[in-house]
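Numbering (the working numbering), first residue to last: 2 to 224.
For every residue, glycine included, the Cβ atom is placed at its ideal position computed from N, Cα and C.
On a predicted model such as this, the values are computed, not experimentally measured, just so you know.
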Amino acid sequence: MTKAIIFDMDGTLFQTAKILEVSLDDTFGDLRKRGLWNAETPLQQYREIMGVPLPEVWETLLSEFTLEQKAQVDSYFLDSLVTNIKEGKGELYPYVTEVFTHLKANQFDIYIASNGLKKYLDAIVEYYQLDRWVSETYSIEQIDSLNKTDLVKEIAENHNITEGAVVGDRLSDILAAKANGFKAIGCHFDFAKEEELSQADVVIHDLNELTFLFNGSKRIVSW
Numbered sequence: 002m003t004k005a006i007i008f009d010m011d012g013t014l015f016q017t018a019k020i021l022e023v024s025l026d027d028t029f030g031d032l033r034k035r036g037l038w039n040a041e042t043p044l045q046q047y048r049e050i051m052g053v054p055l056p057e058v059w060e061t062l063l064s065e066f067t068l069e070q071k072a073q074v075d076s077y078f079l080d081s082l083v084t085n086i087k088e089g090k091g092e093l094y095p096y097v098t099e100v101f102t103h104l105k106a107n108q109f110d111i112y113i114a115s116n117g118l119k120k121y122l123d124a125i126v127e128y129y130q131l132d133r134w135v136s137e138t139y140s141i142e143q144i145d146s147l148n149k150t151d152l153v154k155e156i157a158e159n160h161n162i163t164e165g166a167v168v169g170d171r172l173s174d175i176l177a178a179k180a181n182g183f184k185a186i187g188c189h190f191d192f193a194k195e196e197e198l199s200q201a202d203v204v205i206h207d208l209n210e211l212t213f214l215f216n217g218s219k220r221i222v223s224w
């Protein structure tokens, strides 16, 4: 029997807002230089949809662009994000390392299931050395459906996970947990929405609360 905690990345483990504005503004600045955009960077609009796969982001923000243009924007944005990560401009949420250490000590395997692309996720994992605790990081691009529920299902099947929880800040994380028979733990962090979190089994306001939820025989969340 394998028990595991599956974490979202953006808005859950990694404070994406720290590098979001500069990366997005850099990307739209490039579009302005090339005469393809003549307005302000749609930062607020992006924040409202943050957490969805990038193809959906560009479909929303750049609906009039061709597929080729969207692919170019996607590549530029991804490169900017990775550069900012490697330059130390991002930041994990408080207590990530403490919580990971606690979970491993209590015999939980740790996985990451993210809507982010692999290159981006790998940069975060490498910079913060998360592979000291995380068994494997999964990107939505590994799933044809681009659906978080299917991604969590693949993790569960690949690693024979029979007991677990999904920790995330958006509805896709909550639905993925419930569809796969796991506890849904909602994170009331930067980009979370009240109406989405209302569907979670438990809502936390900082990651350190997980040390109380998953504390050996005294854990509050029961399977």
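Compare the C-alpha of residue i against each of the options and name the closest.
i      : options                        : result
LYS127 : ILE86, SER140, ASN107          : It should be noted that the sequence gives Glu, not Lys, for residue 127. Of the listed residues, the one whose Cα sits closest to GLU127 is ILE86.
TYR139 : ILE125, ILE113, LYS154, LYS149 : ILE113
LEU25  : THR84, GLU196, PHE183          : THR84
GLU57  : PHE215, PHE109, GLN143, LEU147 : LEU147
ASP27  : SER81, THR163, ALA40           : SER81
TYR77  : VAL53, GLY30, PRO43, ASP123    : GLY30
LEU131 : ALA106, PHE101, LEU44          : PHE101
Buried or exposed: where does residue i fall if 16 or more other Cβ atoms within 10 Å of its Cβ makes it buried?
i      : result
ALA157 : buried
GLY117 : buried
SER218 : Bear in mind that the predicted position of SER218 carries a pLDDT of just 47, short of 50, making it unreliable; the figure below should be weighed with that in mind. The residue is exposed, with fewer than 16 neighbouring Cβ atoms inside 10 Å.
PRO95  : exposed
GLU164 : exposed
GLU49  : exposed
Spell out the partners DSSP gives residue i in its beta bridges.
i      : result
ASP110 : ALA5
ALA185 : VAL167
ILE205 : CYS188
If I measure Cβ to Cβ from residue i and keep anything under 6 Å in the same chain, skipping five residues before and after, which residues do I get?
i      : result
THR17  : ASP11
ALA72  : none
ASP202 : LYS184, ALA185
Less than 8 Å between C-beta atoms, sequence neighbours within five positions excluded: which residues of the same chain meet that for residue i?
i      : result
GLN1   : With the chain represented from 2 up to 224, any question about residue 1 goes unanswered, as that position is not in the structure.
VAL153 : ILE7, ALA114, VAL167, ALA177, ALA178, ALA180, ASN181, PHE183
ILE144 : ASP151, LEU152, GLU155
Could you give the C-beta distance for residue i and residue j, rounded to a whole number, given that I count them as a contact under 8 Å?
i     : j      : result
GLU99 : ASN209 : 7 Å
Enumerate in chain order the residues of its own chain whose CB-to-CB distance from residue i is below 7 Å, with the five nearest sequence positions on each side excluded.
i      : result
PHE109 : LYS4, ALA5, ILE6, PHE215
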